Amino acid sequence: GAVVSQHPSRVICKSGTSVKIECRSLDFQATTMFWYRQFPKQSLMLMATSNEGSKATYEQGVEKDKFLINHASLTLSTLTVTSAHPEDSSFYICSAGSGGSYNEQFFGPGTRLTVL
Amino acid sequence: DQQVKQNSPSLSVQEGRISILNCDYTNSMFDYFLWYKKYPAEGPTFLISISSIKDKNEDGRFTVFLNKSAKHLSLHIVPSQPGDSAVYFCAASALKNSGGSNYKLTFGKGTLLTVNP
């Protein structure tokens, strides 16, 4: 399958700072990227869907001004957690798709964010 | 409101035996179901899927069964191998009911499968 990378894999930051997470599709062009969040012992929760060159579509209850998503190219999407707080500490994971069937949606390894 | 439920957080099976992972859903609009496997520190990888027009799909050692009336699906792994030890996520989507444009997946909480040698 195709490879999706995320950077950084782990980040610790102070409360009030902003953190940027990158999601890259390494060997294919991703027309759509998805950002998920997973709290311990919980399911992957979709936060937003982004299509290259257009604004992201956010799920209900997800603050778009807090979680800024930029899908500037077909291989890169970024999620910026602005003014992070301890309750934002979570596992953030992206997936990338080329617009085909579901088994063409490939997941990154995730980013563990800890806000002190 | 948990629309996709995996009520067993963990399952332990002996090598060579059958592993059965269960998943229930509440949204009758779901028409496509997937199973993903996840190792620690890695992203989920697609395993097998089933459309609501079918009741069974088989791929090697993996078989998914769908019971629409009960809103229940299960993943059977036989024979189970130690390398199958991972967290298995059930996911669902309402693809057709969205006009074929909504690839949004709703996940369950996952079941940790341990296959003992």
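Sequences listed follow chains A and B, in order.
Numbering follows the working numbering, with no gaps: position 66 of the first sequence is 185.
Numbering follows the working numbering, with no gaps: position 11 of the second sequence is 5.
We put the CB at the ideal spot given by N, CA and C, even for glycine.
All values derive from a computational prediction rather than experimental measurement.
Run through chain A and tell me which residues come within less than 9 Å of residue i, C-beta to C-beta.
| i | result |
| --- | --- |
| residue 86 (chain B) | Within chain A, no residue comes near residue 86 (chain B); the closest Cβ sits about 10 Å away, beyond 9 Å. |
| residue 101 (chain B) | 155, 157, 162, 163, 164, 165 |
| residue 83 (chain B) | 162, 163 |
| residue 48 (chain B) | Those do not exist, as residue 48 (chain B) stays about 14 Å from chain A at its closest Cβ, beyond 9 Å. |
When DSSP labels each residue in this structure, what does residue i get in the three-state scheme?
| i | result |
| --- | --- |
| residue 206 (chain A) | helix |
| residue 54 (chain B) | coil |
| residue 25 (chain B) | coil |
| residue 18 (chain B) | strand |
Report the neighbours of residue i on chain A: residues whose CB is nearer than 7 Å to its CB, in chain order.
| i | result |
| --- | --- |
| residue 36 (chain B) | 228 |
| residue 31 (chain B) | Correct list: empty, because the minimum Cβ distance to chain A is about 11 Å. |
| residue 62 (chain B) | Near residue 62 (chain B) there are no residues of chain A at all, since even the closest Cβ is about 18 Å away, more than 7 Å. |
Would you decide whether residue i is buried or exposed? Buried here means 16 or more other CB atoms lie within 10 Å of its CB.
| i | result |
| --- | --- |
| residue 10 (chain B) | exposed |
| residue 149 (chain A) | buried |
| residue 235 (chain A) | exposed |
| residue 207 (chain A) | buried |
| residue 143 (chain A) | buried |
| residue 77 (chain B) | exposed |
| residue 169 (chain A) | buried |
| residue 101 (chain B) | buried |
| residue 162 (chain A) | buried |
| residue 33 (chain B) | exposed |
| residue 129 (chain A) | exposed |
| residue 191 (chain A) | exposed |
| residue 134 (chain A) | exposed |
| residue 127 (chain A) | exposed |
| residue 80 (chain B) | buried |
| residue 58 (chain B) | buried |
| residue 203 (chain A) | buried |
| residue 137 (chain A) | exposed |
Taking C-beta pairs closer than 8 Å, name the residues in chain A that residue i reaches, listed in chain order.
| i | result |
| --- | --- |
| residue 104 (chain B) | 162 |
| residue 65 (chain B) | The contacting residues do not exist; residue 65 (chain B) stays about 17 Å from chain A at best. |
What does DSSP give as the partner residues of residue i in its beta bridges?
| i | result |
| --- | --- |
| residue 110 (chain B) | B:8 |
| residue 215 (chain A) | A:152, A:225 |
| residue 191 (chain A) | DSSP output for residue 191 (chain A) lists no bridge partner at all. |
| residue -1 (chain B) | B:18 |
Kindly list, in the order they appear in chain B, the residues whose Cβ is closer than 7 Å to that of residue i.
| i | result |
| --- | --- |
| residue 201 (chain A) | Under the 7 Å cutoff, chain B gives no residues; its nearest Cβ is about 24 Å from residue 201 (chain A). |
Quick one: is the Cβ of residue i within less than 7 Å of any heavy atom of the ligand ZN?
| i | result |
| --- | --- |
| residue 49 (chain B) | The ligand ZN is not part of this structure, which contains no ligands at all. |
Against residue i, what residues of chain B qualify as contacts under a CB-to-CB distance less than 9 Å, listed in chain order?
| i | result |
| --- | --- |
| residue 181 (chain A) | Those within 9 Å of residue 181 (chain A) in chain B number zero; the least Cβ separation is about 13 Å. |
Within 9 Å of chain B by C-beta, residues of the region 190 to 214 of chain A in sequence order: Within the region 190 to 214 of chain A, the qualifying residues are 212, 213, 214.
Near-chain B residues of the region 121 to 140 of chain A - C-beta to any C-beta below 9 Å: Correct list: 123, 125, 128.
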